[in-house]
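Listed in order, the protein sequences are those of chains A and B. Take 12 as the starting number for the first sequence in this note's numbering and just add one per residue. Take 274 as the starting number for the second sequence in this note's numbering and just add one per residue. The C-beta atom is built at its ideal place from N, Cα and C for all residues, glycine as well. To keep things clear, I will list the structure first and then write my remarks on it.
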Amino acid sequence: MIPGPFRYRRVRSVDEAVALLSQLGTDAKVLSGGQSLIPMMKFRLAEPSYLIDINPIPGLDFIEERDGMLRLGALVRESTLERSSLVRQRYPILHDTAEVIADPLVRNLATVGGNLAHGDPANDHPATMLALRAQVVARGPNGERVIPIDDFFVDTFVTALQPDELLTEIRIPAPPPRSGGAYLKFERKVGDYAIAAAAVFLALDEARRITQAGIGLTNLAYKPLRAVDAERALLGQQPSEELFRHAAELAAQATDPVSDLRGPADYKRAVARTMTLRALRRALERAQANA
Amino acid sequence: MTATAVRGIGVPVKRKEDPRFIRGKGTYVDDIKLPGMLFMDIVRSPYAHARIKRIDVSKALAMPGVIDVITGEELAKANLAWMPTLMGDRQMVLPTDRVVYYAQEVAAVIATDRYTAADAVLAVEVEYEPLPPVLNPFEALKPDAPLVRPDREQKSNHIWHWEAGDKEKTDRVFQEAEVVVAQDLYIPRIHVASIETCGCVANYDPATDKLTIWMTSQAPHAHRTVFSLVTGIPEHKIRIISPDIGGGFGGKVPVYPGYVIATYATLKHKKPIKWIEDRSENLQADSFARDYHIHAELAATRDGKIRGLRVHVVADHGAFDAAANPSRFPAGLFSVCTGSYDMEAAHIQVDGVYTTKPPGGVAYRCSFRVTEAVHTIERMVDILADELGMDPAEIRFKNFIQPHQFPYKSPTGWEYDSGNYPAALQKALDMIGYQELRREQAERRARGELMGIGISTFTEIVGAGPSHTFDILGIKMFDSAEIRVHPTGAVIVRIGVQTQGQGHETTFAQIVAEELGIPVEYITVEHGDTDTAPYGLGTYASRSTPTAGAATAVAARKIREKARLIAAHLLEVSPDDLEWKDYAFRVKGAPDRYKTMQEIAFAAYTNFPLGLEPGLEAECYYDPPNLTFPFGAYVCVVDIDRGTGQVKIREFLAVDDCGTIINPMIVEGQIHGGLTMGMAPALFEEIVYDENGTMLTGTFMDYLLPTAVETPHWKTAKTVTPSPHHPLGAKGVGESPTIGAPPAIVNAVVDALSHLGVRHIDIPITPAKVYRILQEKGVAE
Ligand SMILES: Cc1cc2nc3c(=O)[nH]c(=O)nc-3n(C[C@H](O)[C@H](O)[C@H](O)COP(=O)(O)OP(=O)(O)OC[C@H]3O[C@@H](n4cnc5c(N)ncnc54)[C@H](O)[C@@H]3O)c2cc1C
């Protein structure tokens, strides 16, 4: 459990980080919370020659609502997200998510930016961000670009970020009236990655018809998954138990899990259905309370 | 002296060891830092079974900071490539030609620091020729199975066959029986997973010609003797120190190759060598527990009277028989599996088998295979109840050994010392509101909800143990205590057992406090250093209080007898005119004329009667006349989520009887910890290998130790049935909850599903396993 040799640099600005990344290329890795990267280094699954520690960069840990968007700085810790009253009141789905990630010790260090940048389909934030239609802001040598979340996750541990880009911010559309979201995760024990988890976001119109539906799924395919068919089945409909069961079934069908110690694939698919159904119910409760 | 001042037996004294632990001031093996110390790291096999064609150490040796790379070939020259196991088998220290389990030690790197050692491990080049792994013991027994141990004369993977009970009588009972139920049960391989991994600092000092080893050892004296026998170093030139130990649970009883290699390295380099396993090494290569494939049958009358038990076990021992059972008990005390029930006959057979998996079969918080025994009988009784349509509580009451039957001779030859099983179960049922729960269950079932109630009424067998029956490598399983009372009445107690969290420093001080009337804070308990502590066999199998606890009480009583003579001298009366009352020697009929132990101690050094040896000390080597048999009645209530298969323990009540209780707070703590460790294999933990024999559960991400979140609120209660033969009436308690909890939980889960025709589920009962059953029975959500 001892990592291979590496060099370590602390940076104090996004520009400095980007400059170093362009200089060092793929030999370098950004270090944020280190809760995914360092375990991989200890198992020698990752052996970067350089670590670029972005923690000293000031001002990258903001949580603010501006211009109809919630903006999260890349260095917002899970524990900060968990305790934010803005998040708790306006984005309970994010609170749900932060709360079920790992354990309090990990959450004190792990960052939302790292959780997405790692590109791990087992991480919890990707599903939530897919359900919420978030955007990821990246800065590279040629400046800033905004990546829609649907384009962000490319493959297992591969995102749309270029080796010389830094993820700086995550933007989430502010919730319309009569909307609500929920994240439900089923795990073998606390601190574990999900057997299956579902993020659901719903918005209703005045006639109680579903106008927006977002469903993201965790650890159920080679990359974080959006249950597109299930979302489509919900749109324009009035919520009902029957509709939700149908949508949950479609969501389960969209998954492609592997059999492993968390259980056989068909079991994971079944849990995906259960989690989606229960998340739909909770999202609806919240949407109705938010009228 | 008053009882409040003494704080002896029965008082919840706060643990003396806790201030140093709470403040981070404990001294564990890895805290030992010696000048010039070198670090050892181990190259491990990526194969479960392979021939070693070549080991090239040149690249590793060329790295700056690397001092040495030790291989099996080198050890063979020193006759150390193999070592004896505690079970009379032999085990590779480092292989010369083949490896027989995944993560087996292949070579050892010695370097100036940990980091260099870790890098050099990757630079050692080993060429393997993979051989077919042998992973299933039933396959291993087939004639064409690859041989795990060609070094043995016997060319088969069968290690030994062992029996207990009366075959003929049992077969007869089964032939006549009105009802027979049978079941296969598998108790999977699990790991003790102590928070402190294993390791040592071995230091040979050429100036004194002495070898000192700080070692994560549950049995430092026994290990000293083994080391002396293996290395040929005279025993007085070896000192083993077992400092603070972060959990033993049986995993620190065996001798691991790492200890031996580090010892060889310090003798060779004449520098201290530190070796500390990392978490994965600990999980992958250290002794496992359980791995019992059980076939059990119960014979009974139609009205539910159990008549006989027949059990056959195939025991997977891995590549070396390195369980740490008493010599004559290759299957430990498994034959106690007739449990708390009176029956005519029993016949138990166990076959030990080699596979290409790590060696072990340690008594994981369990007095040598008693967990397996209790699981067997407690499951079988429920299966019989189901067959007969009886309530699981009713069938137990019907078959309990009754209080008047003690001492009770079991059909497999044990003599149970004392017990009152019906009282314990009745108390548990009353406290939990059993009838009410059954009513609730019926209502919920009608609504399609799954709720179960499980009972386990177990009998433990602890305190090995009478020397005529129990030994380890010939060393009899007595234990010892030595007490010195200083002139001011302060005391040092040294014991032959070694604490790894059990609280000996407190409990044993309370025994002495009670016996001598000296306040507990004036008593220090020392242990774990073979140069100072009296010889003992160590702490495991809940044996400390039954053996060394008894030794402590007897030694204290010897001191009291000498103190009587001094008191008589001081009070100018005859010793016969004195009585020990209220923690002082008092003149009979004149209780105000008395001497306290403190006064007597001072006189023992300043004013002792002519002809009496000065000083106030005693020792005792205690050979218990029998084992002790703690017992308990546990009730567990579970709810099952039909959408995920998750089992939630809603309520768990443990009524324990461990005889006289010395420190109720420590006992309660032991029970809480033990219940959690019993829940773990019932619902979470399992060592899993893939088809190549690669271990898949080598980190805590996949070897699922439960946390506070998964742990229910444990409710505890007690009955007290003292042991008739222990000087204090005490029995062991550390392991009762670990062995009693799993069947209570399994019985509850099966009970929740019994109306669907479910009779048994093997542990661990994972959500995936339950969900599959729900699907099969058409009740999955
Ligand atoms: C015991 C344990 C349990 C866990 N359980 C869960 C769980 O249940 N659910 C869950 O979601 N997560 C879990 N995690 C993972 C944890 O949440 C991760 O730490 C998180 O996913 C990554 O965040 P980080 O800040 O630690 O990133 P790091 O580990 O520092 O980095 C992860 C990767 O992202 C890159 N990176 C990080 N920040 C940036 C950036 N700003 N721009 C570009 N690249 C960047 C790094 O170079 C690296 O490749 C667990 C971790 C542990 C140790």
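How would you list, in chain order, the residues of chain A whose beta-carbon sits under 8 Å from the beta-carbon of Leu977/B? Arg199, Lys200 and Asp203
Taking only heavy atoms of ligand 1 into account, decide whether any of them is closer than 6 Å to the Cβ of Leu177/A. yes
Leaving aside the five residues before and after Ser683/B along the sequence, list all residues of the same chain whose C-beta is less than 6 Å from its C-beta, in chain order. Thr611
Minimum length 3: unbroken beta strand (DSSP E) runs contained in the segment 497-571 of chain B: 511-514 and 546-549
Do three or more CB pairs link the segment 768-784 of chain B to the segment 277-289 of chain B at distances below 8 Å? yes
Proximal residues of chain A, C-beta to C-beta of Tyr301/B below 9 Å: By Cβ distance, chain A contributes nothing, its closest Cβ being about 17 Å from Tyr301/B, past 9 Å.
Cross-chain neighbours of Ile13/A in chain B, by beta carbon under 7 Å: Arg387, Tyr388 and Ala391
Chain B beta carbons: is any one of them nearer than 7 Å to that of Gly45/A? no
Status (buried if at least 16 other CB within 10 Å, exposed otherwise) for Ile295/B: exposed
Sequence-distant residues of its chain with Cβ nearer than 7 Å to Pro1016/B (five each side left out): Val647, His648, Glu651, Arg652 and Ser729
If we call anything under 7 Å between Cβ atoms a contact, is Ala384/B one with Ala393/B? yes
Which bits of chain A does Tyr459/B rub up against, with CB to CB less than 7 Å? Ordered by position in chain A, no residue passes the 7 Å Cβ test against Tyr459/B, which lies about 17 Å from the chain.
Between which two residues does the beta strand (DSSP E) carrying Ser753/B extend? Asp752 to Val758
Express the C-alpha separation of Val586/B and Ile674/B in angstroms, rounding to a whole number. 25 Å
Spell out the partners DSSP gives Asn476/B in its beta bridges. Thr485/B
For ligand 1, I want to know if His129/A counts as a neighbour, meaning its beta carbon is within less than 6 Å of at least one of the ligand's heavy atoms. yes
Is any heavy atom of ligand 3 found at a distance shorter than 6 Å from the C-beta of Tyr374/B? Absence of ligand 3 is noted for the structure shown, with ligand 1 being the only ligands found.
Run through chain B and tell me which residues come within less than 9 Å of Pro275/A, C-beta to C-beta. Ala1041 and Arg1045
Cutoff 7 Å: Asp551/B Cβ touching any chain A Cβ: yes
Report yes or no: do three or more beta-carbon pairs, one from the segment 660-667 of chain B and one from the segment 568-580 of chain B, lie closer than 8 Å? yes
Where does Thr108/A land, buried or exposed, given buried means 16+ other C-beta within 10 angstroms? buried
Selection of the segment 470-495 of chain B by Cβ proximity to chain A, strictly under 7 Å: none
Simplified DSSP state of Cys909/B, which is helix, strand or coil: strand
Compare the beta carbon distance of Leu231/A and Thr266/A with 7 Å and say whether it is the shorter of the two. yes
Quick check on DSSP: helix, strand or coil for Gln427/B? coil
Can you give me the C-alpha to C-alpha distance between Leu105/A and Arg77/A, rounded to a whole angstrom? 17 Å
Leaving out the 5 sequence neighbours to the left and right, which residues in its chain are closer than 7 Å to Leu977/B when beta-carbon positions are compared? Phe957 and Glu958
Under DSSP, the beta strand (DSSP E) around Tyr233/A begins and ends at which residues? Here Tyr233/A belongs to no beta strand (DSSP E), and DSSP marks it neither H nor E.
Assuming Ala437/B and Ser600/B make a contact with CB atoms under 8 Å, what is their CB distance in whole Å? Not a contact, Cβ separation roughly 16 Å.
Are the C-beta atoms of Tyr233/A and some chain B residue less than 7 Å apart? no
Determine the closest residue to Asp655/B out of Arg669/B, Arg642/B, Glu645/B and Thr644/B, with distance taken between C-alpha atoms. Arg669/B
Cβ neighbour criterion (16 or more within 10 Å) applied to Phe1058/B: The structure shown does not extend to residue 1058/B, since chain B is modelled only from 274 to 1054, so the question has no answer here.
Give, in chain order, every residue of the segment 951-973 of chain B whose Cβ lies closer than 8 Å to some Cβ of chain A. Phe957, Val961, Leu969 and Thr970
Return no unless some Cβ of chain B is closer than 7 Å to the Cβ of Leu254/A. no
Does ligand 1 have even one heavy atom less than 6 Å from the beta-carbon of Thr628/B? no
I'd like to know whether the C-beta atoms of Leu127/A and Ala28/A end up nearer to each other than 7 Å. no
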